[in-house]
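My numbering puts the first residue of the sequence shown at 954, with every later residue one more than the last. All C-beta atoms, glycine included, are put in the ideal place defined by N, C-alpha and C.
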Amino acid sequence: PNPMMFRSAMNKISAHSETTAMIGDRMDTDVVAGIEAGLHTVLVLTGISDQAEIERYPFRPSEILNGVHELLP
(Lines of atoms letter the chains of each structure in order from A and count residues from 1; the text may use other names and numbers.)
(Lines give C-alpha, C1' and ligand atoms only; values in the text may rest on other atoms or scores of the structure.)
Protein backbone atom coordinates (compact mmCIF):
# COMPACT_ATOMS: atom_id res chain seq x y z
CA PRO A 1 0.00 0.00 0.00
CA ASN A 2 1.09 3.53 -0.74
CA PRO A 3 1.47 5.68 2.40
CA MET A 4 -0.35 8.52 0.60
CA MET A 5 -3.40 6.24 0.37
CA PHE A 6 -3.50 6.13 4.18
CA ARG A 7 -3.11 9.90 4.45
CA SER A 8 -5.90 10.49 1.94
CA ALA A 9 -8.24 8.06 3.72
CA MET A 10 -7.48 9.59 7.13
CA ASN A 11 -8.15 13.09 5.78
CA LYS A 12 -11.49 11.94 4.38
CA ILE A 13 -12.68 10.64 7.75
CA SER A 14 -10.89 13.29 9.86
CA ALA A 15 -8.66 10.69 11.52
CA HIS A 16 -5.18 11.38 12.85
CA SER A 17 -2.05 9.25 12.62
CA GLU A 18 -1.72 9.33 16.41
CA THR A 19 -4.98 7.39 16.75
CA THR A 20 -4.83 5.20 13.64
CA ALA A 21 -3.18 1.82 13.16
CA MET A 22 -2.17 -0.28 10.18
CA ILE A 23 -2.86 -3.96 10.86
CA GLY A 24 -1.32 -6.38 8.40
CA ASP A 25 0.47 -9.66 7.90
CA ARG A 26 3.41 -8.57 5.73
CA MET A 27 6.53 -6.78 6.87
CA ASP A 28 7.55 -5.75 3.34
CA THR A 29 4.27 -4.06 2.43
CA ASP A 30 1.83 -3.51 5.30
CA VAL A 31 4.25 -2.62 8.09
CA VAL A 32 6.60 -0.50 5.98
CA ALA A 33 3.68 1.47 4.49
CA GLY A 34 2.22 2.05 7.94
CA ILE A 35 5.55 3.27 9.27
CA GLU A 36 6.02 5.58 6.27
CA ALA A 37 2.54 7.00 6.89
CA GLY A 38 3.40 7.63 10.56
CA LEU A 39 0.92 5.07 11.89
CA HIS A 40 1.00 2.63 14.78
CA THR A 41 1.75 -0.70 13.09
CA VAL A 42 0.49 -4.13 14.12
CA LEU A 43 1.91 -7.26 12.51
CA VAL A 44 -0.21 -10.38 12.80
CA LEU A 45 1.62 -13.66 12.41
CA THR A 46 -1.25 -15.48 10.67
CA GLY A 47 -0.13 -14.65 7.15
CA ILE A 48 3.10 -14.30 5.23
CA SER A 49 5.48 -12.94 7.89
CA ASP A 50 6.80 -14.95 10.81
CA GLN A 51 9.30 -14.24 13.59
CA ALA A 52 12.28 -15.07 11.33
CA GLU A 53 10.97 -12.67 8.67
CA ILE A 54 10.87 -9.82 11.20
CA GLU A 55 14.59 -10.19 11.86
CA ARG A 56 15.41 -9.62 8.18
CA TYR A 57 14.30 -5.99 8.27
CA PRO A 58 15.88 -2.95 9.96
CA PHE A 59 12.45 -1.64 11.02
CA ARG A 60 10.00 -3.11 13.52
CA PRO A 61 6.23 -2.99 13.89
CA SER A 62 4.83 -1.24 16.96
CA GLU A 63 3.20 -4.53 18.04
CA ILE A 64 3.34 -8.18 17.03
CA LEU A 65 0.29 -10.40 17.56
CA ASN A 66 -0.28 -14.09 16.90
CA GLY A 67 -3.62 -13.25 15.26
CA VAL A 68 -6.32 -10.60 14.98
CA HIS A 69 -8.25 -12.34 17.76
CA GLU A 70 -5.72 -10.78 20.16
CA LEU A 71 -7.12 -7.34 19.31
CA LEU A 72 -10.43 -8.19 20.97
CA PRO A 73 -10.96 -7.64 24.71
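Tell me where the beta strand (DSSP E) around residue i begins and ends.
{"i": "Val985", "result": "Per DSSP, Val985 belongs to no beta strand (DSSP E); it is in the alpha helix (DSSP H), 985-989."}
{"i": "Ile1017", "result": "1016-1018"}
Given this structure, state the Cα-to-Cα distance separating residue i from residue j, to the nearest angstrom.
{"i": "Glu1016", "j": "Ile966", "result": "24 Å"}
{"i": "Thr994", "j": "Ala962", "result": "16 Å"}
{"i": "Ile1007", "j": "Val1021", "result": "18 Å"}
{"i": "Thr973", "j": "Ile1001", "result": "23 Å"}
{"i": "His969", "j": "Ala1005", "result": "32 Å"}
{"i": "Tyr1010", "j": "Asn955", "result": "19 Å"}
Going by DSSP, what residues sit across from residue i in a beta bridge?
{"i": "Met975", "result": "Thr994"}
Roughly how far, in whole angstroms, is the beta-carbon of residue i from the beta-carbon of residue j, given that I think they are within contact range, below 8 Å?
{"i": "Leu998", "j": "Asn1019", "result": "5 Å"}
Would you kindly report the start and end of the unbroken alpha helix (DSSP H) that includes residue i?
{"i": "Ala1005", "result": "1004-1008"}
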